[in-house]
Amino acid sequence: MSAYTNPLDDPAADPFEVAAQAASDIARLTGVDHHDIALTLGSGWGKAAELIGETTATIPATEVTGFSKPALAGHIGSLRSILTPGGKRVLVIGARTHYYEGHGVRRVVHSVRTAAATGATTMVLTNGAGGIKETWTPGTPVLISDHINLTADSPLEGATFIDLTDLYSSRLRDLARQVDPTLDEGVYCQFRGPHYETPAEVQMAKTIGGHIVGMSTALEAIAARQAGMEVLGFSLITNLAAGIQKTPLSHAEVIEAGQAAEPVISDLLARVIGQL
Ligand code: HPA
Numbered sequence: 001m002s003a004y005t006n007p008l009d010d011p012a013a014d015p016f017e018v019a020a021q022a023a024s025d026i027a028r029l030t031g032v033d034h035h036d037i038a039l040t041l042g043s044g045w046g047k048a049a050e051l052i053g054e055t056t057a058t059i060p061a062t063e064v065t066g067f068s069k070p071a072l073a074g075h076i077g078s079l080r081s082i083l084t085p086g087g088k089r090v091l092v093i094g095a096r097t098h099y100y101e102g103h104g105v106r107r108v109v110h111s112v113r114t115a116a117a118t119g120a121t122t123m124v125l126t127n128g129a130g131g132i133k134e135t136w137t138p139g140t141p142v143l144i145s146d147h148i149n150l151t152a153d154s155p156l157e158g159a160t161f162i163d164l165t166d167l168y169s170s171r172l173r174d175l176a177r178q179v180d181p182t183l184d185e186g187v188y189c190q191f192r193g194p195h196y197e198t199p200a201e202v203q204m205a206k207t208i209g210g211h212i213v214g215m216s217t218a219l220e221a222i223a224a225r226q227a228g229m230e231v232l233g234f235s236l237i238t239n240l241a242a243g244i245q246k247t248p249l250s251h252a253e254v255i256e257a258g259q260a261a262e263p264v265i266s267d268l269l270a271r272v273i274g275q276l
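For the sequence shown, my numbering assigns the number 1 to the initial residue and increments by one for each residue that follows.
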């Protein structure tokens, strides 16, 4: 048993106060009191951090109030402060808490709320995901144009009505396409996981307008919008979704596709961040 307790597990805690505390931990530990851009790295996107600029501090996420231990090997549990050649401060979040971990949605979106509390006004969310479009071979990066939240949950508490039109900023997507005009885009469906979808669920996602299936991002994007941030989302297609690809899905395959694509997509992401 670990002695580590998470203040977000106290229902009486104010998640925004916990995020403010986390932001002050980050300022103290990195020596940087303001970040402009935040970037969450999903499977396959890890190398981007090296290409964005100069890392001036790396801190274990567990030193920061409210962050959880990473649930998965391959999901790095650290936060970095990076200075871009253009002089922007990027907070790189390599510690994602997934909804399927069962710790509640407050913990899932804590990194996003913390990023906003550090001053970041742009939130870049990346993930590894399954593709529904057959032309997307494993290793293809795609822009997220919108989402369908199939978790039946929300990071918003009480009667908090937030507009989600243009949640995945068309301005930022245009900017990304200036870096790579071949980038395709699609609607991301967040399933609860951690099981992969059944072929029938993938067909449902397709029928209701989805192109990408995954287990993260949508809840985080909602919290980012609530915090007033502009959101850019990228999926790395690590596999075709269940039933679209005829062979069974495996986590090993997802990790392998991520590793194979990493140099190319990391370079793309770093160039897009350079434009923000
Ligand atoms: N479904 C859900 N999540 C995923 C997938 C998938 O096919 N691939 C990588 N993450």
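The beta-carbon is built from N, C-alpha and C at its ideal position, and this holds for glycine as well.
Closest Cα partner of residue i within the set the options
| i | options | result |
| --- | --- | --- |
| G139 | I273, G44 and Q21 | G44 |
| A20 | G158, Y99, T65 and E54 | T65 |
| A95 | V213, I59 and I82 | I59 |
| L29 | E54, R80, D153 and P155 | R80 |
| D174 | E63, I273 and V18 | I273 |
| D153 | L172, I132, T137 and V108 | V108 |
| E253 | L268, I265, L236 and D9 | L236 |
| L8 | V32, P155 and T84 | P155 |
| Q226 | G243, R171 and E157 | E157 |
| E101 | S216, A27, A176 and K206 | S216 |
| T61 | K246, P11, G53 and A115 | The sequence given here places Ala at residue 61; Thr does not occur at that position. Looking at the Cα atoms, A115 is the closest of the given residues. |
| V18 | A117, T97, I93 and G53 | A117 |
| Q178 | I148, L268, T135 and F16 | L268 |
| Q275 | L83, L172 and H147 | L172 |
| L232 | A176, E201, P248 and L150 | A176 |
| D14 | P248, R192 and H110 | H110 |
| N239 | P85, S250 and A218 | S250 |
| C189 | A218, T84 and F161 | A218 |
| T135 | Q245, S266 and A12 | Q245 |
Beta-carbon separation (whole angstroms), residue i vs residue j, contact threshold 8 angstroms
| i | j | result |
| --- | --- | --- |
| G46 | E262 | 7 angstroms |
| L51 | A270 | 4 angstroms |
| M123 | V112 | 6 angstroms |
| G130 | A48 | With a Cβ gap of about 21 angstroms, G130 and A48 do not count as contacting. |
| K88 | H211 | Rounded, the Cβ-Cβ distance is 31 angstroms, inconsistent with contact. |
| G243 | P199 | 3 angstroms |
| S126 | G42 | Just to set this straight, residue 126 is Thr in the shown sequence, not Ser. Right, their Cβ atoms sit about 5 angstroms apart. |
| I148 | G209 | 7 angstroms |
Residue i Cβ short of 7 angstroms to the ligand HPA heavy atom set
| i | result |
| --- | --- |
| L249 | yes |
| V187 | no |
| E197 | yes |
| A44 | Note on identity: in this sequence residue 44 is Gly, with Ala being the wrong assignment. Outside the cutoff, so no. |
| G119 | no |
| F191 | yes |
| V213 | yes |
| T238 | yes |
| G243 | no |
| G233 | no |
| A129 | yes |
| V32 | no |
| V254 | yes |
Closer than 8 angstroms to chain D by CB, residue i
| i | result |
| --- | --- |
| T207 | Among the chains in the structure shown there is no chain D, since it carries only a single protein chain. |
Proximity test, residue i beta-carbon vs the ligand PLP heavy atom, cut-off 7 angstroms
| i | result |
| --- | --- |
| A242 | Looking for the ligand PLP in the displayed structure turns up nothing; the ligands present are the ligand HPA. |
Taking only runs of the alpha helix (DSSP H) that begin and end inside the segment 107-160, which ones reach a length of at least 4 residues, in chain order? Counting only runs of 4 or more, we get 110-117.
Mind listing, in chain order, the continuous beta strand (DSSP E) runs of no fewer than 3 residues lying wholly within the segment 33-97? 37-40, 54-60, 78-83 and 89-93
Hey, which unbroken runs of the beta strand (DSSP E) at 3 residues or more fall wholly within the segment 210-268? As far as the segment 210-268 is concerned, its whole beta strand (DSSP E) runs of at least 3 residues are 212-214 and 230-240.
Determine contact between the segment 175-186 and the segment 140-148, defined as no fewer than three beta-carbon pairs at a distance below 8 angstroms. With the cut-off at 8 angstroms, the segment 175-186 and the segment 140-148 touch.
Can you find at least 3 beta carbon pairs, one from the segment 59-69 and one from the segment 120-137, that sit closer than 8 angstroms? The segment 59-69 is not in contact with the segment 120-137.
Pairs of beta-carbons, one from the segment 18-38 and one from the segment 246-260, closer than 8 angstroms: are there three or more? no
Contact between the segment 166-177 and the segment 216-233 is defined here as three or more beta-carbon pairs at a separation below 8 angstroms; is this criterion met? Segments in contact, yes.
Can you check the segment 166-213 for any beta strand (DSSP E) of at least 3 residues that lies completely inside it and give the ranges in chain order? Taking only runs of at least 3 residues, the beta strand (DSSP E) segments lying wholly in the segment 166-213 are 184-190.
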